[in-house]
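What follows is a set of notes on a single structure, which appears directly below.
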Amino acid sequence: MDFQLKTLDLSGAAAERCDALLVLVTEGQRGGDDALSRLVADAIRARSFEAKPGKTLHAWRPEGVAAARVVLAGCGDGSPRRVHSAVHAAVASLRTAGVRRMAVVLPTGADGRSVRAAVAAAAEASYVYITTKSKPEGCEIERFTVGCPDAAAAQADFEAARGAAVGIEFARELGNLPPNRATPTHLAEEAMRLGKGRGFRCEVLGPREVAKARMGSFMAVAQGSEEPLRFIVLQYQGAAAAEAPVVLVGKGITFDTGGISIKPAPEMDEMKFDMGGAASVLGTFRALAELRPRINVVGLVPACENMPGGRAFKPGDVITSMSGQTIEVLNTDAEGRLILCDALTYAERFKPRAIIDIATLTGACVIALGNIRSGLFATDEALAQALQDAGELALDPCWRMPLDDEYGEGLKTHFADVANVAGRAGGSITAAKFLQRFAGKQPWAHLDIAGTAWKGGAAKGSTGRPVGLLVQYLLSQAQAASIESARPARSSVAKAARAARPAKAKEGTSAKAPAPRARAAKAGAAKARGR
Ligand code: BES
Ligand code: MN
Ligand code: ZN
Numbered sequence: 012m013d014f015q016l017k018t019l020d021l022s023g024a025a026a027e028r029c030d031a032l033l034v035l036v037t038e039g040q041r042g043g044d045d046a047l048s049r050l051v052a053d054a055i056r057a058r059s060f061e062a063k064p065g066k067t068l069h070a071w072r073p074e075g076v077a078a079a080r081v082v083l084a085g086c087g088d089g090s091p092r093r094v095h096s097a098v099h100a101a102v103a104s105l106r107t108a109g110v111r112r113m114a115v116v117l118p119t120g121a122d123g124r125s126v127r128a129a130v131a132a133a134a135e136a137s138y139v140y141i142t143t144k145s146k147p148e149g150c151e152i153e154r155f156t157v158g159c160p161d162a163a164a165a166q167a168d169f170e171a172a173r174g175a176a177v178g179i180e181f182a183r184e185l186g187n188l189p190p191n192r193a194t195p196t197h198l199a200e201e202a203m204r205l206g207k208g209r210g211f212r213c214e215v216l217g218p219r220e221v222a223k224a225r226m227g228s229f230m231a232v233a234q235g236s237e238e239p240l241r242f243i244v245l246q247y248q249g250a251a252a253a254e255a256p257v258v259l260v261g262k263g264i265t266f267d268t269g270g271i272s273i274k275p276a277p278e279m280d281e282m283k284f285d286m287g288g289a290a291s292v293l294g295t296f297r298a299l300a301e302l303r304p305r306i307n308v309v310g311l312v313p314a315c316e317n318m319p320g321g322r323a324f325k326p327g328d329v330i331t332s333m334s335g336q337t338i339e340v341l342n343t344d345a346e347g348r349l350i351l352c353d354a355l356t357y358a359e360r361f362k363p364r365a366i367i368d369i370a371t372l373t374g375a376c377v378i379a380l381g382n383i384r385s386g387l388f389a390t391d392e393a394l395a396q397a398l399q400d401a402g403e404l405a406l407d408p409c410w411r412m413p414l415d416d417e418y419g420e421g422l423k424t425h426f427a428d429v430a431n432v433a434g435r436a437g438g439s440i441t442a443a444k445f446l447q448r449f450a451g452k453q454p455w456a457h458l459d460i461a462g463t464a465w466k467g468g469a470a471k472g473s474t475g476r477p478v479g480l481l482v483q484y485l486l487s488q489a490q491a492a493s494i495e496s497a498r499p500a501r502s503s504v505a506k507a508a509r510a511a512r513p514a515k516a517k518e519g520t521s522a523k524a525p526a527p528r529a530r531a532a533k534a535g536a537a538k539a540r541g542r
């Protein structure tokens, strides 16, 4: 879907040529003397429509309006959350209704946050998984115009949301692919393709290289599967080479049976989503390619299956991690932490300013936070705050969880340096305490996305979370760095736009993907190599 941003009020919106025009109406909204304001006022007076959230009214070719179809949607107090749900519902209802060009006019007073919400909601609701259907029926909407009171003021927010949406869709598609397609090898191929096409460095380690790096813990998880493991290393360079990168580590279990500690059958298919962390790292890189922020980012993805079998690792095994710490495996279903710990050790070589791992790690996190907020664990206050702020802004929120040392007591064992599980109590926290032992001295954060990476039931499918949070975090970091170096000081909007856009991007409101910086593209293509 192609996004556009425009300055539009209701009288301007009446002249907007499109197949469907969505008008968001807030409670107490005062109308002018234009065709759409009159339509809204008439409908409310006749009690055919209310401005309450969830209320809608469809009109066909109303007088004085260029759009074929007009949808009035109640938007309550007009908050970004309300904008999100109104746009989501409207796009979902129109995506297979012969609508190619759609526009939304946001209420008066709508700012950049509402623009973000509209873009995110439209992208989310227009995504349809079709890859493995024999008679695919996708979304018909090709162009989506966001009309707001001041397009120039909302430009940076618009770009951020549009770039994130591309990454989110990429992550959703990978997450939804069946596990016989989305193998570790496939993830690595996707990463290589991303690197080649978009100017990233990409390197893939196979079983031999991983053995040479002595990632004994990662190898133990992979050893029960016929599918060979892959360790993916992506590098995006948006700032000077000497600048310390942010390292993102994504759990890439492409199918989690539980191994010898096998899971029960109901809903086991959903364990194809156990590579949601990996998908979010690749999706974030996809968004970086769109937005080209001035920051360095490394992505690490340990990818393998967790299977039972004659060669599988088993409860009681003691394995040696890359860090040298020995681990007693008490439950082979606690495999995520076993592949992540070696990736965290590997991350040290990049001398990162921060390490963030993202993992569908524990059912306990689903019990604690449900599917609304991801669990956030962090050893660094500034990093924790920045991630929380990014989550709020991107409407992809998280919630901070504790890391008191007492929570780590249960991981003690007589037979190794550490056990891979503690008791049932505080399961998401003990998992985080296990990871913390491998995170080293750099600021580290862990996002447990077990509840947020996918939806079950009738709406089953990947959400692409927390790509929105991660992209916003990286943009904010890039912006903070550019503010530090800016002489003389510029307006905050200009700074945001500068951080979010390529150096030579044309000013304007068109949303075509900016071309990657030529220098980075050349360097990346030269260094990308396959196996
Ligand atoms: N991938 C699962 C976590 C999970 C389970 C996510 C259900 C979403 C829904 C992870 O590998 C796992 O199995 N964790 C165990 C840990 C336990 C054995 C300590 C869990 O949460 O049950
Ligand atoms: Mn498991
Ligand atoms: Zn798992």
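For the sequence shown, this note's numbering gives the first residue as 12, with consecutive numbering after it.
Built from N, CA and C at the ideal position, the CB exists for glycine as well.
Since the structure is predicted, the reported quantities are computational estimates derived from the model, not experimental observations.
Reduced DSSP secondary structure (H/G/I, E/B, other) of His69: In this structure, His69 counts as strand in the three-state DSSP scheme.
Three-state secondary structure (DSSP) of Arg219: Look at Arg219 here: in three-state DSSP terms it is helix.
Glu148 - partner residues in DSSP beta bridges: For Glu148, which the question treats as bridged, DSSP gives no partner whatsoever.
C-alpha distance - Lys17 paired with Ala132, whole-angstrom precision: In a straight line, the C-alpha of Lys17 is about 17 Å away from that of Ala132.
Exposed unless 16 or more other CB atoms sit within 10 angstroms - verdict on Arg360: Within 10 angstroms of the beta-carbon of Arg360 lie fewer than 16 other beta-carbons, which makes it exposed.
Contiguous beta strand (DSSP E) assignments of at least 3 residues, all confined to the stretch 408–451: At a cut-off of 3 residues, the continuous stretches assigned as beta strand (DSSP E) that sit fully inside the stretch 408–451 are 409–411.
Val312 and Gly263 closer than 9 Å at C-beta: Taking 9 Å as the Cβ cut-off, Val312 and Gly263 qualify as a contacting pair.
Contact test: Glu281 Cβ vs the ligand ZN heavy atom, cutoff 8 Å: Glu281: no, Cβ never under 8 Å from the ligand ZN.
Whole-angstrom distance between Val260 and Gly178, CA atom to CA atom: Cα atoms of Gly178 and Val260: separation of roughly 16 Å, rounded to the nearest angstrom.
Short Cβ contact (9 Å threshold) for Leu198 with Val221: Result no, Cβ atoms of Leu198 and Val221 do not sit closer than 9 Å.
Beta-carbon spacing of Lys283, Gly186 below 9 Å: Yes, these two residues count as a Cβ contact at 9 Å.
With 16 other Cβ atoms within 10 Å as the buried cut-off, status of Gly381: The residue is exposed, with fewer than 16 neighbouring Cβ atoms inside 10 Å.
Near the ligand ZN: Thr441 beta-carbon under 8 Å from a heavy atom: Here the distance from the Cβ of Thr441 to the nearest heavy atom of the ligand ZN is not below 8 Å.
Length-filtered (4 minimum) alpha helix (DSSP H) runs lying within the stretch 311–381: Counting only runs of 4 or more residues that sit fully inside the stretch 311–381, the alpha helix (DSSP H) segments are 347–358 and 374–380, in chain order.
First through last residue of the alpha helix (DSSP H) which encompasses Gly227: Gly227 to Ala233 is the extent of the alpha helix (DSSP H) around Gly227.
Any 3 or more C-beta pairs closer than 8 Å across the stretch 158–176 and the stretch 17–32: Short answer: they touch.
Top-ranked residue by Cα proximity to Glu170, from Glu495, Arg154, Gln483 and Val432: When only C-alpha atoms are compared, the closest one is Gln483.
Opening and closing residue of the beta strand (DSSP E) in which Lys471 lies: Run containing Lys471: none; DSSP gives neither H nor E here.
Contact test: Asp267 Cβ vs the ligand MN heavy atom, cutoff 8 Å: Yes, the beta carbon of Asp267 sits closer than 8 Å to at least one heavy atom of the ligand MN.
Cβ-heavy atom distance, Ala345 to the ligand MN, below 8 Å: Ala345: yes, Cβ under 8 Å from the ligand MN.
6 Å Cβ shell around Thr356 - same chain, five flanking residues per side excluded: Met333, Ser334 and Phe449.
At least 3 beta-carbon pairs within less than 8 Å: the stretch 112–128 vs the stretch 64–76: Cβ pair count under 8 Å is below three, so no.
Where Asp88 falls: helix, strand or coil (DSSP): Looking at Asp88 - three-state DSSP - the assignment turns out to be coil, as it is neither helix nor strand.
Validate contact between the stretch 138–149 and the stretch 90–104 using beta carbons, cut 8 Å, 3 pairs: Between the stretch 138–149 and the stretch 90–104, the count of Cβ pairs shorter than 8 Å is below three; the stretches do not touch.
Secondary structure, alpha helix (DSSP H): runs of 4+ residues fully inside the stretch 137–187: Here the runs fully enclosed are 162–187.
Assigned exposure category for Met12 - 16 Cβ within 10 Å defines buried: Met12 is buried by the Cβ-count criterion.
Ile383 beta carbon near the ligand MN (any heavy atom closer than 8 Å): Flag unset: Cβ of Ile383 not near the ligand MN.
Selection from Met318, Ala314 and Arg225 that minimises the alpha carbon distance to Val244: Val244 has its Cα closest to that of Ala314, out of Met318, Ala314 and Arg225.
Limits of the beta strand (DSSP E) - the one that Ile264 falls within: Run containing Ile264: Gly263 to Asp267, per the beta strand (DSSP E) assignment.
Segments of 3+ residues assigned as beta strand (DSSP E) that fall wholly inside the stretch 98–134: The qualifying runs are 112–116.
Helix, strand or coil at Lys207 [DSSP, three-state]: It is helical.
Rounded straight-line distance, which links the Cα of Ala251 to that of Ala202: Straight across, the Cα-Cα distance linking Ala202 with Ala251 is about 23 Å.
For Ile271 and Pro319, believed in contact at Cβ under 8 Å, the rounded distance: Pro319 to Ile271, Cβ: 5 Å. Contact.
Lys66 beta carbon near the ligand MN (any heavy atom closer than 8 Å): Incorrect: Lys66 has no Cβ contact closer than 8 Å to the ligand MN.
One or two residues paired with Lys17 in a DSSP bridge: Under DSSP, the beta-bridge partners assigned to Lys17 are Gly158.
Assumed close pair Ala176, Leu105 - CB separation to whole angstroms, cut-off 8 Å: With a Cβ gap of about 18 Å, Ala176 and Leu105 do not count as contacting.
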